[in-house]
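Participant: Our numbering puts the last residue of the sequence shown at 339; the count rises by one with no breaks.
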Amino acid sequence: MKKRLLSGMRPSGPLHLGHLVGVLNNWAKLQDEYECFFMVADWHAHMSEYENPTQLKKYTLDNVIDWVACGLDPKISTLFVQSHVAGHTELHLLLSNITPLGWLERCPTYKEQLREIKTRNLHTYGFLGYPVLQAADILLYKAKGVPVGQDQLAHLELTREILRRFQHIYKKEVFAEPQAILTATPKLLGIDRRKMSKSYNNFIALSDTPEEVRRKTARMITDPERIRKSDPGHPKICNVFSYYKTFCPEMEQQVRTWCTKAEAGCTECKQKLAQMLNETLAPIRERRKELTKHTSTVQDILNEGAKKAKAVAGETLAEVKKLIGLY
Ligand code: TRP
Ligand code: SF4
Numbered sequence: 013m014k015k016r017l018l019s020g021m022r023p024s025g026p027l028h029l030g031h032l033v034g035v036l037n038n039w040a041k042l043q044d045e046y047e048c049f050f051m052v053a054d055w056h057a058h059m060s061e062y063e064n065p066t067q068l069k070k071y072t073l074d075n076v077i078d079w080v081a082c083g084l085d086p087k088i089s090t091l092f093v094q095s096h097v098a099g100h101t102e103l104h105l106l107l108s109n110i111t112p113l114g115w116l117e118r119c120p121t122y123k124e125q126l127r128e129i130k131t132r133n134l135h136t137y138g139f140l141g142y143p144v145l146q147a148a149d150i151l152l153y154k155a156k157g158v159p160v161g162q163d164q165l166a167h168l169e170l171t172r173e174i175l176r177r178f179q180h181i182y183k184k185e186v187f188a189e190p191q192a193i194l195t196a197t198p199k200l201l202g203i204d205r206r207k208m209s210k211s212y213n214n215f216i217a218l219s220d221t222p223e224e225v226r227r228k229t230a231r232m233i234t235d236p237e238r239i240r241k242s243d244p245g246h247p248k249i250c251n252v253f254s255y256y257k258t259f260c261p262e263m264e265q266q267v268r269t270w271c272t273k274a275e276a277g278c279t280e281c282k283q284k285l286a287q288m289l290n291e292t293l294a295p296i297r298e299r300r301k302e303l304t305k306h307t308s309t310v311q312d313i314l315n316e317g318a319k320k321a322k323a324v325a326g327e328t329l330a331e332v333k334k335l336i337g338l339y
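#1: Sorted by chain position, which residues of the same chain lie with C-beta nearer than 6 Å to residue 96's C-beta, five sequence neighbours on each side aside?
#2: Roughly how many whole angstroms lie between the Cα atoms of residue 141 and residue 125?
#3: Under the criterion of a Cβ to heavy atom distance below 7 Å, does residue 162 qualify as lining the ligand TRP?
#4: Since residue 148 and residue 100 should fall inside the 8 Å C-beta cutoff, what is the C-beta to C-beta distance between them, to a whole number of angstroms?
#5: Count the CB pairs spanning the stretch 56 to 71 and the stretch 287 to 297 that are closer than 8 Å, and state whether there are at least three.
#6: Taking CB distances under 8 Å as the criterion, tell me whether residue 119 reaches chain C.
#7: With a 10 Å radius around its C-beta and 16 neighbouring C-beta atoms as the bar for buried, classify residue 13 as buried or exposed.
#8: Confirm the yes/no value for this check: CB of residue 66, any heavy atom of the ligand SF4, distance under 7 Å.
#9: By Cβ distance, which residues of its chain are closer than 6 Å to residue 174, with the 5 residues on each side in sequence left out?
#10: Based on the DSSP secondary-structure assignment, which residues constitute the bridge partners of residue 49?
#11: Which of the three DSSP states, helix, strand or coil, is assigned to residue 207?
#12: Which whole-angstrom value describes the C-beta separation of residue 59 and residue 138, a residue pair presumed to lie in contact below a C-beta threshold of 8 Å?
#13: Is there contact between the stretch 231 to 240 and the stretch 39 to 55, where contact requires at least three CB pairs shorter than 8 Å?
#14: Which residues does DSSP list as the beta-bridge partners of residue 32?
#15: Tell me whether residue 158 counts as near the ligand TRP, meaning its Cβ is closer than 7 Å to at least one heavy atom of that ligand.
#16: Near residue 304, which residues of its chain fall below 8 Å by C-beta distance, leaving aside the five closest residues on each side in sequence?
#17: Roughly how many whole angstroms lie between the Cα atoms of residue 36 and residue 219?
#18: Taking only heavy atoms of the ligand SF4 into account, decide whether any of them is closer than 7 Å to the Cβ of residue 101.
#19: Residue 217 by DSSP, collapsed to three states: which one?
Printed below as a string of structure tokens:
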């Protein structure tokens, strides 16, 4: 019996190279070792996009296409959409009833988002409960492993606290304690050297055409002190170099020599990088194209996923409802 794992992603934009090396490659690998549930967290996205949710559906489908194109295999893993499985909102309500307000108000991610996000009104009842819904996602499947980034550890800790409170009140161990699966992943900056993010529009999307990849790569910021081709450069501080390290480590030595011995100019170095990135993206693009051609395939994957998810979720909910005394 494989251990069960659940993870999710909000459908808030196109997926990019940062997602590929930071999340998707990792998820794809975990499929051998775990029974995997991968979820599009559309209710979570709705919490911040409720005033303008017009892109939710598009990004949901688009992200799932990217998932499959990057190696998530719907034959062995369950790929599904959160809102297709009603159990998430039911368990969310039950957990809301037992979660003290203070735990949520103190949550560091909550405070940070309220401080930083000014373009949307997040002072809502629902948004405060963001981590409660996430706890419901995880506990509904009794997932033991949750692959997440550092930024989600506080939510996972809250999940465990809510779980403990649940077991304390109802005197029964229904759920498994979920543990974070933290994997060291390369940090990839955007083409402008800021954090790669949709809001900065500084990313290379998995759906970008080869031409777009070339254009964006050409705009990448390099060693600012290397003005002429004859100036030796400093790969250590160059973002282009860190892309080489991530996507084609076999060229690392070569590029270092080009740069420090001034054998090749930055333009040439970036052109070569674009070519390497396009080689990485080619098979993904190929599979994307196939999946985009037949939207029915993606629908089928998500219908099948919802069916499998509902079966597990239904069992947990039945058990829980009986335990808490609903008729
Ligand atoms: N909050 C997560 C994020 O923003 C997404 C998410 C929702 C999630 N539900 C989850 C992650 C359950 C892991 C498990 O990245
Ligand atoms: Fe960066 Fe390449 Fe230019 Fe060196 S040659 S500074 S590694 S782009």
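Using N, Cα and C, we set each Cβ at its ideal position, and we do this for glycine too.
If you're wondering where the values come from, they're calculated on a predicted model, not measured in any experiment.
Facilitator: The relevant details are as follows:
#1: 318
#2: 13 Å
#3: no
#4: 5 Å
#5: no
#6: In the structure shown, chain C does not exist; there is a single protein chain.
#7: exposed
#8: no
#9: 107, 111 and 147
#10: 18 and 90
#11: strand
#12: 5 Å
#13: no
#14: Bridge partners of residue 32 according to DSSP: none are assigned.
#15: yes
#16: 77
#17: 15 Å
#18: no
#19: strand
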